[in-house]
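What follows is a short report on a single structure.
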Amino acid sequence: MFKGVKVRQDIHKILFLIYKYNNTLNHSNIKNIIRSHNKKDVSLLNNVTLNSMRLHIHCLKIIKKYIKKKIRDHEKILLISAITQIVFLDFKEYAVINCSVEIAKKLKLYAGLINASLKRIAKDKIALKEIKIQYSDFPVWFKNETKNLSTQEKRKFLNNFFKEPDLHIVFKTKKYLNQFNEDIIKTSDISGFLLNKENLKDKKGFAKGDWWVQDFSSFLPLHNFKIENKNQKFLDACAAPGGKSFQLLTKNKKVILNDKNAKRIQILKTNLRRLNFNPIILNKDFIKFNENEKYDVVILDTPCSSVGTIRKNPEIFFKIKSPNFNQLNNLQQTMLQKASKLVNKNGFVIYMTCSFIQNETFNQVNQFLKKNNNFIVSSFDMKKEGYNYSKLIKNNFMITLPNYIFNKNIDGYFAVYLKKIK
Ligand SMILES: C[S@@+](CC[C@H](N)C(=O)[O-])C[C@H]1O[C@@H](n2cnc3c(N)ncnc32)[C@H](O)[C@@H]1O
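In structure tokens:
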């Protein structure tokens with residue numbers, strides 16, 4: 324067998340499972356495939372799989388240019404991953420083409436077509452690297468859900484969505500950040516972008532639990548939230564894998580962690596063990612929570628399309644199936660209503676989503692405020708820390724597309740502090 328065929332065959336298998344069967348990279352089928360490879364192959368596998376999904380719209384444009392006849396799903400996916408490697412990752416083309424042809428033969432695909440078209444594409448690879456896509460090339464569901472974006476916002480998203488994500492980490496205290504021995508671009512007294520992302524688990528303080536990985540956008544709402552007194556009682560209604568709760572636990576706040584998903588609770592527990600936190604954890608459906616017990620702050624980081632995290636989760640555009648917006652929007656509103664009943668007078672519901680889609684963000688809040696005139700949008704004034712993030716805040720709402728700060732990329736996100744005034 325030609326060297327590299329086995330790992331590329333598995334890349335194909337994984338991409339097909341995601342594309343056709345809606346699997347995620349965390350699905351046990353996919354994890355089992357990845358586990359069967361050595362460290363070097365896993366790194367190749369992750370690199371090619373993630374970039375094939377990130378760049379698949381660019382690749383489809385190239386395929387259209389070079390192949391006029393209709394191709395099958397397997398052929399399309401094999402070509403996407405081969406083009407990603409040849410054009411965008413600068414891999415040696417003869418190795419990629421030979422492996423792709425072998426895989427095509429094994430899968431009884433049109434190997435001649437794969438061979439001939441990849442050779443032509445490889446010849447033009449320098450020019451093809453610059454291929455431009457349009458907003459009209461995005462999935463129909465995404466175009467429908469983002470009709471309200473301005474031309475400038477659409478252009479910005481188009482230029483950003485396929486880039487590799489940067490890595491943002493949060494320290495338990497200022498002291499840990501100051502003692503850290505790696506290059507960091509600071510985003511606050513306790514957080515920053517880590518410049519060298521390799522061998523994360525071997526870096527100073529990781530095993531000891533001095534810090535965790537959390538995107539800047541999802542860190543800012545709680546970092547900026549003014550905690551009024553030290554006895555405030557928090558409920559993190561959708562807590563796993565834990566980022567928001569860690570921010571409170573490190574300040575010794577009283578917080579109860581809940582999540583409906585038992586598998587995600589296990590990940591949460593592993594994270595809590597490493598960070599040496601030992602809070603109360605519940606594994607319940609938040610919708611069915613007992614309403615007799617009240618909280619000062621309910622954190623509602625609701626399930627959503629996650630489209631703000633497109634750079635980390637490129638399968639969102641890659642898989643055939645669109646997010647179920649009816650179901651998600653109903654759940655988001657039901658959770659907001661439920662939270663309103665659990666929060667004390669003068670308390671807060673912090674509503675957040677890793678999305679910038681109107682139906683998951685402003686429309687949810689507006690619908691909620693219409694039904695609940697005992698709630699107001701509270702101020703999102705920035706903490707005075709010497710950093711200016713005002714471009715992310717509009718009228719006391721935090722809203723951002725996948726964006727940049729300090730030349731490093733951050734997720735698209737939405738957050739609002741809803742205060743119960745009576
Ligand atoms: C966006 S994630 C939360 C991320 C988390 N807050 C963090 O910072 O790491 C949404 C979570 O909601 C959970 N979830 C979905 N439906 C739920 C429900 N009905 N009750 C409680 N949790 C739910 C999911 O299992 C998922 O872990």
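Each number in our numbering corresponds to the 1-based position in the sequence shown with 323 added.
Each residue gets a CB set at the ideal place from its N, CA and C atoms; glycine is no exception.
Note that the coordinates shown come from a computational prediction; the quantities given were computed from them, not determined experimentally.
Exercise for the section: State buried or exposed for Ile449, treating a residue as buried only when at least 16 other CB atoms are found within 10 Å of its CB. Expected result: On the sequence shown, residue 449 is found 126 positions in, with the first residue counted as 1. It is exposed - the Cβ of Ile449 has fewer than 16 other Cβ atoms within 10 Å.
Problem - Ser568 burial status per 10 Å Cβ neighbour count (16 or more: buried) - result: Here the question's residue 568 lines up with position 245 in the sequence shown. Flag for Ser568 reads buried.
Exercise for the section: Report buried or exposed for Ala562, applying the criterion of at least 16 other Cβ atoms within 10 angstroms of its Cβ. Expected result: Working through the sequence shown from its first residue, we reach residue 562 at position 239. Buried: at least 16 other Cβ atoms inside 10 Å.
Exercise for the section: For Ile492, write down the residues that DSSP places opposite it in a beta bridge. Expected result: By one-based count along the sequence shown, residue 492 stands at place 169. DSSP, once it has assigned bridges, lists Gly515, Val536 as partnering Ile492.
Practice task
Please confirm whether any heavy atom of ligand 1 lies closer than 7 Å to the CB of Ile277.
Solution key: Absent from the structure is residue 277, since the part of the chain shown begins at 324 and ends at 745.
Problem - Start and end residues, beta strand (DSSP E) containing Val621 - result: Residue 621 sits at position 298 when you count from the first residue of the sequence shown. Val621 -> beta strand (DSSP E) spans 618 to 624.
Exercise for the section: Within its chain, find whatever has a CB closer than 7 Å to the CB of Phe641; leave out the 5 residues flanking it on each side and keep chain order. Expected result: On the sequence shown, residue 641 is found 318 positions in, with the first residue counted as 1. Taking Phe641 as the centre and dropping the five residues before and after it, the same chain places the C-beta of Ile341, Tyr342, Met376, His379 closer than 7 Å to its C-beta, in chain order.
Practice task
Just confirm the distance between the C-beta atoms of Gly532 and Arg597, as a whole number of angstroms; I'd bet it's less than 8 Å.
Solution key: If you number the sequence shown from 1, residue 532 lands on position 209. If you number the sequence shown from 1, residue 597 lands on position 274. Gly532 to Arg597, Cβ: 5 Å. Contact.
Exercise for the section: Flag this pair as touching only if the stretch 516 to 531 and the stretch 672 to 681 have three or more C-beta atom pairs under 8 Å; answer yes or no. Expected result: Cβ pair count under 8 Å is below three, so no.
Exercise for the section: Assuming Leu367 and Val330 form a contact by the criterion Cβ under 8 Å, report the distance between their Cβ atoms to the nearest whole angstrom. Expected result: Numbered from its first residue, the sequence shown carries residue 367 at position 44. Numbered from its first residue, the sequence shown carries residue 330 at position 7. About 6 Å separates the Cβ atoms of Leu367 and Val330, confirming a contact at the 8 Å cut-off.
Handout entry: Contact test: Arg596 Cβ vs ligand 1 heavy atom, cutoff 7 Å
Key = Counting from 1 along the sequence shown, the entry for residue 596 is found at position 273. Not under cutoff, so the answer is no.
Exercise for the section: With a floor of 4 residues, list each alpha helix (DSSP H) that falls wholly inside the stretch 601 to 663, ordered by position along the chain. Expected result: Taken in chain order, the complete alpha helix (DSSP H) segments of 4 residues or longer contained in the stretch 601 to 663 are 638 to 641.
Problem - heavy atom of ligand 1 below 7 Å from Asn653 C-beta - result: Position 330 of the sequence shown, counted from the first residue, corresponds to residue 653. Remark: the C-beta of Asn653 is outside contact range of ligand 1, defined as less than 7 Å to any heavy atom.
Problem - Burial state of Asn581, where buried means 16 or more other Cβ atoms lie within 10 Å - result: Walking along the sequence shown from the start, residue 581 turns up at place 258. It is buried - the Cβ of Asn581 has at least 16 other Cβ atoms within 10 Å.
Exercise for the section: Check whether the Cβ atoms of Ile312 and Thr372 lie closer than 8 Å to each other. Expected result: Outside the shown range of the chain, which is 324 to 745, sits residue 312, and nothing can be said about it.
Handout entry: Arg697 vs Lys731 beta-carbon contact at 8 Å
Key = Reading the sequence shown from its first residue, position 374 is the one you call residue 697. Reading the sequence shown from its first residue, position 408 is the one you call residue 731. Correcting the residue type first, residue 697 is Asn in the shown sequence and not Arg. In this structure, Lys731 does not lie closer than 8 Å to Asn697 by Cβ.
Problem - Under 8 Å between C-beta atoms of Ser540 and Asp734 - result: In the sequence shown, the residue the question calls residue 540 occupies position 217. In the sequence shown, the residue the question calls residue 734 occupies position 411. Going by C-beta atoms, Ser540 is nearer than 8 Å to Asp734.
Handout entry: Close-in-space but distant-in-sequence residues of the same chain around Asp364 (CB under 6 Å, 5 per side omitted)
Key = By one-based count along the sequence shown, residue 364 stands at place 41. So the list reads Val330, once near-sequence residues are dropped.
Handout entry: Near ligand 1: Asp447 beta-carbon under 7 Å from a heavy atom
Key = Numbered from its first residue, the sequence shown carries residue 447 at position 124. Because no heavy atom of ligand 1 lies under 7 Å away, the Cβ of Asp447 does not count as near it: no.
Handout entry: Inter-stretch contact (C-beta, 8 Å, three-pair minimum) for the stretch 548 to 563 and the stretch 614 to 627
Key = They touch, by the three-pair rule.
Problem - Residue range of the unbroken beta strand (DSSP E) whose run includes Phe698 - result: Here residue 698 refers to the residue found at position 375 when the sequence shown is read from its first residue. For Phe698, the enclosing beta strand (DSSP E) stretches over residues 698 to 700.
Exercise for the section: For Asn483, collect the residues of the same chain with a Cβ closer than 6 Å to its Cβ; drop the 5 residues on either side in sequence, then sort them by chain order. Expected result: The residue given as residue 483 occupies position 160 in the sequence shown. Listed in chain order, the non-local C-beta contacts of Asn483 below 6 Å within the same chain comprise Pro725, local neighbours out to five positions each way being set aside.
Handout entry: Extent of the continuous beta strand (DSSP E) run through Val578
Key = Working through the sequence shown from its first residue, we reach residue 578 at position 255. For Val578, the uninterrupted beta strand (DSSP E) segment begins and ends at 577 to 581.
Exercise for the section: Assign Ala738 to one of three DSSP states: helix, strand, or coil. Expected result: For the purposes of this step, residue 738 is identified with residue 415 of the sequence shown, where counting begins at 1. Strand.
Exercise for the section: Can you give me the start and stop residues for the alpha helix (DSSP H) that Gly566 sits inside? Expected result: Counting from one through the sequence shown, the residue named residue 566 turns up at place 243. It spans 566 to 572 - the alpha helix (DSSP H) in which Gly566 sits, taken as one unbroken run.
Problem - Integer-rounded CB distance, given that Leu558 should sit under 8 Å from Ile579 - result: For this step, residue 579 is matched to residue 256 along the sequence shown. For this step, residue 558 is matched to residue 235 along the sequence shown. Yes, Ile579 and Leu558 are in contact; Cβ-Cβ is about 5 Å, under 8 Å.
Exercise for the section: Grab me the residues of Lys661's own chain with a C-beta within less than 7 Å of its C-beta, minus the 5 sequence neighbours each way, in chain order. Expected result: Taking the sequence shown and counting its residues from 1, the one referred to as residue 661 is at position 338. Excluding positions up to five away in sequence, the list reads Phe609, Ile610, Phe612.
Exercise for the section: Would you check if there are 3 or more beta carbon pairs closer than 8 Å linking the stretch 636 to 651 to the stretch 453 to 467? Expected result: Taking 8 Å as the limit for Cβ pairs, the verdict is that the stretch 453 to 467 does touch the stretch 636 to 651.
Practice task
Assuming Leu654 and Thr625 form a contact by the criterion Cβ under 8 Å, report the distance between their Cβ atoms to the nearest whole angstrom.
Solution key: Translated into the one-based positions of the sequence shown, residue 654 becomes position 331. Translated into the one-based positions of the sequence shown, residue 625 becomes position 302. Indeed they touch by this definition, with Cβ atoms about 7 Å apart.
Exercise for the section: Could you tell me if the beta carbon of Phe414 falls within a distance shorter than 7 Å of some heavy atom in ligand 1? Expected result: Counting from 1 along the sequence shown, the entry for residue 414 is found at position 91. Not one heavy atom of ligand 1 sits closer than 7 Å to the Cβ of Phe414.
Practice task
Hey, could you find the ends of the beta strand (DSSP E) Asp559 is sitting in?
Solution key: Here residue 559 refers to the residue found at position 236 of the sequence shown. Unbroken beta strand (DSSP E) run through Asp559: 556 to 559.
Exercise for the section: Answer yes or no: the CB of Ile643 versus the heavy atoms of ligand 1, is any distance below 7 Å? Expected result: Residue numbering aside, residue 643 sits at position 320 when the sequence shown is read from its first letter. No; taking the cut-off as 7 Å, the Cβ of Ile643 has no heavy atom of ligand 1 nearer than that.
Handout entry: Three-state secondary structure (DSSP) of Leu437
Key = Position 114 of the sequence shown holds residue 437. Inspection of the sequence shows that residue 437 is occupied by Ile rather than by Leu. In the structure shown, Ile437 sits in a helix (DSSP, three-state: H, G or I).
Exercise for the section: Compute the minimum distance between the beta carbon of Ala434 and the heavy atoms of ligand 1, and state whether it is under 7 Å. Expected result: As a working note, residue 434 is residue 111 in the sequence shown. Answer for Ala434: no, Cβ out of range of ligand 1.
Exercise for the section: Tell me Ile507's beta-bridge partners as DSSP assigns them. Expected result: By one-based count along the sequence shown, residue 507 stands at place 184. Partner(s): Leu517.
Problem - Residue of Thr496, Glu476, Gly327 minimising C-alpha distance to Tyr458 - result: Mapped onto the sequence shown, residue 458 falls at position 135. Nearest C-alpha to Tyr458: Glu476.
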